[in-house]
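Heads up: the sequence shown is residues -13 to 378, going by this note's numbering.
Where a beta carbon is used, it is the ideal one built from N, C-alpha and C, also for glycine.
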Amino acid sequence: MQAAIALQQSGAYMRTMTSIRPWRDITRRQSRQIMVGAVPVGGDAPITVQTMTNTLTSDAVATIDQIRRCEEAGADLIRVSCPDEESTKALSQITRAARIPVIADIHFHYKRALEAADAGAACLRINPGNIGSSERVAEVVRAAKANGCSIRIGVNAGSLEKDLLEKYGEPCPDALVESALDHIKLLQDHDFHEYKVAVKASDTFLAVAAYMQLAEQVDCPLHLGITEAGGLIGGTVKSAIGIGNLLWAGIGDTIRVSLSAEPEEEVRVGFEILKSLGLRTRGVRVVSCPSCARQGFDVIRTVEALESRLSHIKTPLSLSVLGCVVNGPGEARETDIGITGGGNGKHMVYLSGVTDHHVQSADMLDHIVSLVEAKAAELEAAETASHAEAAE
Ligand code: SF4
């Protein structure tokens, strides 16, 4: 945290959100902006959420289907592994079909990078130090420049270079940062600057310390991740702590939550982290209580059903679902739509924080869904109108 504070004081950070509640402000590290296809990463661009397909890339149809689901969940960028020639052959069909930029994940075979760049990848995830000679790096850089690709350097504590492991004895922040700087230098030596960097580790302490250290030494955008974080619940908690701490300190321009779960879940968790920090909004932000003996309806089942039935809403709005009047009215005052449990199966509905009408238990679910859908449509119409006005 010291590093972040020092940078904030030196003016290398910028304020992205101003509010009348300064305790909510996050001052973002000012990185140099690059483009991943049409999506800006870094600078004052919104923090992007990415995930990675787990279908066989050579199966273009299955991969495109999965990308569609990730797009629906809100992914801004999608990474696709290219371990062999069959994969890069399928990649051009995939990049043409994808509505979001595709990042080709390459490990050691520089030829896959050349093929992926030609196949329409917007970014290559490749570590230039791993592909052999300087001529190969030059070839990859040439292909990236010719095709307008950016590059993502991905240092991982689990695959640190042997010489660094010998030098430091074990993966540590200094080793991860040195590895990143070595890879960066190779790109800079070839006059290539459209890159972003990750220094991931499955150990949250190690990853956070490495990112903090790297943030002081480079001006490129940083891709955040706690790698191999675990399953849906454990991995979400670990990622929220690691990625959340860095974002809160102003560090990070794009994130990937690595879970042993479907890629769409990674996207949802990524957005929830950003939403919790007020860095981005998307869809319905649900405020709900854990429920107790005072609940006027089954809060847990209601929230489960609402989250599923409202997952198609992309417009940011808030919904409070509280089981009784202990905290219900207070939370409802702060949300667009609120429901507070009452007695005899009769519950109070709040609109824009104000008590509006009652609803019976039997009708409650359908009623809230239709209220939220109507509110989303109203907000979307207002936004379309304001865009049209601005264009005139
Ligand atoms: S809001 Fe009411 S029902 Fe929900 S946890 Fe609090 S006291 Fe219990």
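- The Cβ neighbour count for T370, taken over all protein chains shown within 10 Å, is under 16; the residue is labelled exposed.
- Between M21 and E180, the C-beta gap is smaller than 9 angstroms, which places the two residues in contact.
- Taking the Cα positions, G29 is about 48 angstroms away from S347.
- M21 is bridged by DSSP to P26.
- Just so you know, the alpha carbons of L296 and S356 end up roughly 10 angstroms apart.
- Those residues placing their Cβ nearer than 7 angstroms to any heavy atom of the ligand SF4 are, following chain order, C275, P276, S277, C278, R280, Q281, V285, L308, G309, C310, V312, N313, G314 and G327.
- Around the beta carbon of P87, a 10 Å sphere encloses 16 or more other beta carbons of the protein chains shown; the residue is thus reported as buried.
- For L305, DSSP records a beta bridge to V272 and I323.
- G309 and A318 have their C-alpha atoms roughly 12 angstroms apart.
- Between A196 and G217, the CB-CB gap reaches or exceeds 9 angstroms.
- Beta-bridge analysis with DSSP links C135 to no other residue.
- If you draw a straight line from the Cα of V289 to the Cα of L146, it comes to about 44 angstroms.
- In the DSSP annotation of this structure, the continuous segment of the alpha helix (DSSP H) that includes S347 starts and ends at S347 to A377.
- Shown here, L210 sits in a strand according to DSSP, grouped into three states.
- The beta carbons of I50 and C56 sit about 11 angstroms from each other, so the pair does not count as a contact at 8 angstroms.
- Counting along the chain, the unbroken beta strand (DSSP E) around S67 starts and ends at L63 to S67.
- The shortest C-alpha to C-alpha distance from S188 to any of W9, L173 and T213 is the one to T213.
- It is roughly 18 angstroms from the alpha-carbon of S338 to the alpha-carbon of M350.
- In the three-state DSSP reduction, N330 falls in the helix class (H, G or I).
- Ranked by Cα distance from S78, the first of E58, G60, S277 and L100 is L100.
- Pairwise C-beta distances place the stretch 203 to 213 in contact with the stretch 8 to 21, as three or more of them are shorter than 8 angstroms.
- Taking C-beta atoms under 8 angstroms as the contact rule, M334 and T326 qualify, at a distance of about 5 angstroms.
- Your pair L172 and P114 checks out as a contact, with CB atoms roughly 4 angstroms apart and the cut at 8 angstroms.
- Take E293, set aside five residues on each side of it, and the residues of its chain with a beta-carbon closer than 7 angstroms to its own are V272, in chain order.
- Of the other Cβ atoms in all chains shown, 16 or more fall within 10 Å of the Cβ of D239; this residue is therefore buried.
- Runs of the alpha helix (DSSP H) spanning 4 or more residues and lying entirely within the stretch 32 to 90 occur at 46 to 59 and 71 to 83, in chain order.
- In the displayed model, G106 falls within coil according to three-state DSSP, outside both helix and strand.
- For R254, no beta strand (DSSP E) run applies; the uninterrupted alpha helix (DSSP H) run containing it begins and ends at P249 to S262, by DSSP.
- Bounds of the alpha helix (DSSP H) holding V289 are V285 to R295.
- Under the three-state reduction of DSSP output, A187 falls in the strand class.
- Excluding five sequence positions before and after G155, none of the CB atoms of its chain fall closer than 6 angstroms to its own CB.
- Between the alpha carbons of L110 and V185 lies a gap of roughly 16 angstroms.
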